[in-house]
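First to last, the sequence lines map onto chains D and S.
Take the first sequence: its position 23, counting from 1, is numbered 23 in my numbering, and each next residue is one higher.
So the mapping is simple: my numbering equals the position in the second sequence, first residue as 1, plus 1000.
No residue lacks a Cβ here, since even glycine has one placed at the ideal position from N, Cα and C.
Remember, it's a predicted structure, so these values are computed and weren't measured experimentally.
Worksheet: one structure, shown below.
2 protein chains.
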Amino acid sequence: MITVVKIGGNVIDSPEATARFVADFAALEGPKILIHGGGKLATRLSAQLGIESLMIDGRRVTDRQTLDVVTMVYAGLVNKQLVAALSAAGCRSIGLSGADGDAITSVRRAVGEVDYGYVGDIAPDGVRSDLLASLLDAGLTPVFCAITCDGHGTLLNTNADSVASAVAVAAARIAPTRLVFCFEKRGVLRDVEDEASVIAEITPESYAALRAGGVINKGMLPKIDGAFRAIDGGVSCVVIKRADELLSESGTTIRK
Amino acid sequence: MITVVKIGGNVIDSPEATARFVADFAALEGPKILIHGGGKLATRLSAQLGIESLMIDGRRVTDRQTLDVVTMVYAGLVNKQLVAALSAAGCRSIGLSGADGDAITSVRRAVGEVDYGYVGDIAPDGVRSDLLASLLDAGLTPVFCAITCDGHGTLLNTNADSVASAVAVAAARIAPTRLVFCFEKRGVLRDVEDEASVIAEITPESYAALRAGGVINKGMLPKIDGAFRAIDGGVSCVVIKRADELLSESGTTIRK
């Protein structure tokens, strides 16, 4: 079983949370792959450089200067610090953007009502599972940032959740794969105010009932829809949980 | 024959020179490895961020903030832009720092008269030739920036010429290897004012004579001494030439 784990800002932005996560992830058994977002550092660095950070619907509009900033922060600083820390913890890792080994090919998002700039969506079959297989076979843990490439020399800022899903689908062509999204909550909650109300399992049937009953809050719907798409793509199950509960049986498991 | 090529600021700092180099390097036959320096961008970014760049004897003093800047610029922006451009030119590449796959282990420089901060010198046998071999076997061209790691989670800024030499010595354990330093001059010149005065070949014997005659200028001596050390380490020959003459028979070849 290959485990693909995605972490975001709530881990990246805290040195303590990162240290804890690195130790736990290194202890995770079996072949594994890490995908990380960028956290707030790109916004902070942009501000220091006088570049305005423009977000539309939670997505960063990426002009040329902003692309350089996110490439520096995500593919450079965050990725290499994680790789160095993981290797020191005994998990020999290799940091990758989508450009490396043509690992992830994306398509620049067409300009519609909004021009997101240098933002890419992963191409169908855009992740090279042969590269993942050869790295895993060599005993290496791939660590992906969410910068991809259009195959024609242009880097593209990409949604890290989408990278995680696409990498998990590609990994599932090698071996059974589970995908873990580390989240700020303990899982999908029946009551968003109550961390003890984690829904242990969601299936297509129970999801329909939960939606009909208005139990799941709107922000979770795209995450769960994405999880089902990954499962349709061959991933065995998707788990949503807190990063600091990585090694425990916790969170919400989504499966068919 | 594996070819290891090192480029520095005179390529990196010019988009035109980079584009030309990428096309030429992609056209180079046989397995190959690229090592790049960082150019002036790190100094420029430091200035924008209000971080003072302190150079002593041509080496950058690397405090914590400066380490973050060079990691962003070298391992992030410059490395990924090169990898994306090379892949677009048909040379499937994988960008690496020394932390990735524990590729290059270094030792933090001891504090003597000068504290260089987060600066590392490559450990004896610090380059993993098994990793180079498996990447080359997979048809990938490794592209190294000059950020290494101490194996305990700390990234270290490292001299790019030293990285190139150490990588070439490690590659020579896989197959015969030549090391090419791209330089601002056409090679080692008899007359530093005359680009036509390239010394075609330097051997230990001719080097002794050239030194005794005061023909080679002082700045070149460390480069040539380094070349002979690489040859002592198993590298077949070292070539010093201009980047835009990469594919031509030109420059100075140093051999035993």
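Option in the options with minimal Cα separation from residue i
i, options, result
"Arg-1192 (chain S)", "S:Leu-1179, S:Ile-1216, S:Ala-1172", "The sequence as given places Val at residue 1192 (chain S); Arg does not occur at that position. Measuring from the Cα of Val-1192 (chain S), the nearest candidate turns out to be S:Ile-1216."
"Met-1 (chain D)", "D:Val-180, D:Glu-205, D:Gly-214", "D:Val-180"
"Ser-165 (chain D)", "D:Leu-49, D:Pro-124, D:Pro-31", "D:Pro-124"
"Tyr-207 (chain D)", "D:Val-83, D:Ile-224, D:Glu-195", "D:Ile-224"
"Lys-40 (chain D)", "D:Pro-15, D:Asp-63, D:Phe-21", "D:Pro-15"
"Tyr-1118 (chain S)", "S:Phe-1144, S:Gly-1090, S:Thr-1158", "S:Thr-1158"
"Arg-1044 (chain S)", "S:Met-1072, S:Ala-1019, S:Asp-1024, S:Ala-1023", "S:Met-1072"
"Ala-42 (chain D)", "D:Val-163, D:Arg-20, D:Leu-67", "D:Leu-67"
"Arg-109 (chain D)", "D:Cys-145, D:Ala-19, D:Cys-91, D:Asp-63", "D:Asp-63"
"Cys-1091 (chain S)", "D:Cys-182, D:His-152, D:Val-111", "D:His-152"
"Asp-1232 (chain S)", "S:Met-1220, S:Ile-1254, S:Gly-1219", "S:Ile-1254"
"Val-1114 (chain S)", "S:Val-1163, S:Gly-1058, S:Ala-1209", "S:Gly-1058"
"Glu-1249 (chain S)", "S:Leu-1156, S:Ala-1200, S:Val-1163, S:Ala-1175", "S:Ala-1200"
"Arg-229 (chain D)", "D:Val-167, D:Leu-210, D:Ala-175", "D:Val-167"
8 Å Cβ cutoff met for residue i and residue j
i, j, result
"Gly-251 (chain D)", "Val-235 (chain D)", "no"
"Ile-1122 (chain S)", "Thr-1148 (chain S)", "yes"
"Val-78 (chain D)", "Ile-35 (chain D)", "no"
"Asp-1161 (chain S)", "Lys-1006 (chain S)", "yes"
"Val-1198 (chain S)", "Gly-1187 (chain S)", "yes"
"Val-1061 (chain S)", "Tyr-1116 (chain S)", "yes"
"Ser-1134 (chain S)", "Arg-1173 (chain S)", "no"
"Leu-189 (chain D)", "Gln-1048 (chain S)", "no"
"Leu-973 (chain S)", "Ala-1026 (chain S)", "Outside the shown range of chain S (1001 to 1256) lies residue 973 (chain S), about which nothing can therefore be said."
"Leu-132 (chain D)", "Ala-171 (chain D)", "yes"
"Val-143 (chain D)", "Ala-89 (chain D)", "no"
"Asp-150 (chain D)", "Gly-120 (chain D)", "yes"
Close beta carbons around residue i, own chain, < 6 Å, minus the five adjacent residues each side
i, result
"Ser-1046 (chain S)", "Ser-1053, Val-1069"
"Ser-1097 (chain S)", "Ala-1075, Cys-1145, Ile-1147"
"Lys-241 (chain D)", "Gly-187, Ser-250, Gly-251"
Nonlocal neighbours in the same chain, by C-beta distance under 8 Å from residue i, ignoring five residues either side
i, result
"Ser-87 (chain D)", "Ser-93"
"Arg-1020 (chain S)", "Ala-1243, Asp-1244"
"Gly-38 (chain D)", "Gly-9, Ile-12, Val-70, Val-73, Tyr-74, Val-78, Cys-145, Ala-146, Ala-160"
"Ala-17 (chain D)", "Asn-10, Val-11, Ala-243, Asp-244"
"Leu-1210 (chain S)", "Ile-1199, Ile-1202, Ile-1216"
"Pro-176 (chain D)", "Met-1, Ile-2, Ser-236"
"Ala-212 (chain D)", "none"
Cβ distance (whole Å) where residue i is taken to contact residue j below 8 Å
i, j, result
"Pro-1204 (chain S)", "Lys-1256 (chain S)", "6 Å"
"Ile-1051 (chain S)", "Gln-1065 (chain S)", "5 Å"
"Ser-106 (chain D)", "Gly-126 (chain D)", "6 Å"
"Gly-8 (chain D)", "Cys-182 (chain D)", "7 Å"
"Asn-1010 (chain S)", "Glu-1184 (chain S)", "5 Å"
Neighbourhood of residue i by C-beta distance below 7 Å, restricted to the same chain and skipping five residues each side
i, result
"Thr-3 (chain D)", "Leu-28, Gly-30, Lys-32, Arg-178, Val-180"
"Ala-1227 (chain S)", "Val-1238, Ile-1254"
"Asp-1024 (chain S)", "Leu-1246, Leu-1247"
"Met-220 (chain D)", "Val-188"
Cβ-heavy atom distance, residue i to the ligand SAH, below 7 Å
i, result
"Leu-1077 (chain S)", "Because no ligand of any kind appears in the structure shown, any question about the ligand SAH cannot be addressed here."
(Q) Counting beta carbon pairs with one atom in the region 1137–1144 of chain S and one in the region 1029–1045 of chain S, are three or more of them shorter than 8 Å? (A) In short, these stretches touch, since the Cβ pair count reaches three.
**Q.** the region 97–106 of chain D contacting the region 1080–1090 of chain S, beta-carbon criterion three pairs below 8 Å
**A.** Yes, they touch.
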